[in-house]
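A.B. asks: The structure's right below; bear with me while I get my questions together.
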Amino acid sequence: MKLPELSQEEYDSLMWQGGPIIYVAGPYSHKEARVRHDRYLAHERYVAKLVKAGHTAYSPIVHFHAMAERHNFPYSSTFWNNHLSSMLLACDKIHILQLPGWKDSVGLGFERSIAKVAGIEILEIQWSLYDPDSFPSA
């Protein structure tokens, strides 16, 4: 199958138009699958709100949850550190969801450290106070 060729105008219209890329982080790993799934759903809802509002957002939890479950990926932060740091360094901001367990999350601590050293803007989202109809401006 031959791929269609794009004109320069079509290509230019597909190119990223600027604006910050937001990395969404929060706790994920837990011994109970139900807790991991609930955390995934919380991240998915937040990323969906950002995208609906016109922001560019990436969440490794949203991106990899189903794949990790289906393919038996380890849940340890050491398995994920290389990927997380590479993706985070490509972003301009990090939004940290303060879900239960966020203060004790090793992976989240790693992400916060990378963001701080790299000078990436850090915004903490107080999940217990989160109103689903509004959220902080990105």
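Using the numbering used here, read the sequence shown as starting at 464 and increasing by one per residue.
Positions of the beta carbon are idealized from the N, C-alpha and C atoms, including for glycine.
Which of helix, strand or coil does DSSP assign to LYS579?
C.D. replies: Sequence index remark: in the sequence shown, residue 579 carries index 116 (1-based). Three-state result, LYS579: helix.
A.B. asks: Roughly how many angstroms separate the alpha carbons of HIS526 and LYS579, rounded to a whole number?
C.D. replies: For the purposes of this step, residue 526 is taken as the residue at position 63 of the sequence shown. For the purposes of this step, residue 579 is taken as the residue at position 116 of the sequence shown. Those two C-alpha atoms are separated by around 23 Å.
A.B. asks: On the CB-based measure, 16 or more other CB atoms within 10 Å of its CB, does GLY582 come out buried or exposed?
C.D. replies: For the purposes of this step, residue 582 is taken as the residue at position 119 of the sequence shown. GLY582 should be labelled exposed.
A.B. asks: Can you list, in chain order, the residues of its chain with a C-beta nearer than 6 Å to that of SER568? Leave out the 5 residues immediately preceding and following it.
C.D. replies: As a working mapping, residue 568 is identified with position 105 in the sequence shown. PRO490, listed in sequence order.
A.B. asks: Got a sec? Which residues, its chain only, sit under 8 Å from GLN589 by beta carbon, not counting five neighbours each side?
C.D. replies: The residue you call residue 589 lines up with position 126 of the sequence shown. Counting only Cβ-Cβ distances below 8 Å, and skipping sequence neighbours, we find GLN561.
A.B. asks: Which first and last residues belong to the alpha helix (DSSP H) in which TYR503 is found?
C.D. replies: Locating residue 503 in the sequence shown gives position 40, where the first residue counts as 1. Looking at the DSSP string, the run of the alpha helix (DSSP H) that includes TYR503 is 496 to 515.
A.B. asks: Thinking C-alpha only, which one of GLY482, HIS528 and HIS493 is nearest LEU504?
C.D. replies: In the sequence shown, residue 504 corresponds to position 41, counting from 1. The residue with the shortest Cα to Cα distance from LEU504 is HIS528.
A.B. asks: I believe ILE621 touches ARG502 by the beta-carbon criterion, under 8 Å. Please report the beta-carbon distance rounded to the nearest angstrom.
C.D. replies: A query on residue 621 cannot be resolved here, the shown segment of the chain reaching from 464 to 601 and no further.
A.B. asks: Which residue comes first and which comes last in the alpha helix (DSSP H) that contains LEU547?
C.D. replies: Numbered from 1 along the sequence shown, position 84 holds the residue referred to as residue 547. That run of the alpha helix (DSSP H) goes 540 to 552.
A.B. asks: Whole angstroms is fine: what's the gap from SER522's alpha carbon to PRO537's?
C.D. replies: In the sequence shown, residue 522 corresponds to position 59, counting from 1. In the sequence shown, residue 537 corresponds to position 74, counting from 1. So the two alpha carbons sit approximately 18 Å from each other.
A.B. asks: Smallest Cα separation from SER492: which of LEU586, GLU468, GLN471 and GLY564?
C.D. replies: In the sequence shown, residue 492 corresponds to position 29, counting from 1. Cα-wise, what sits closest to SER492 is GLY564.
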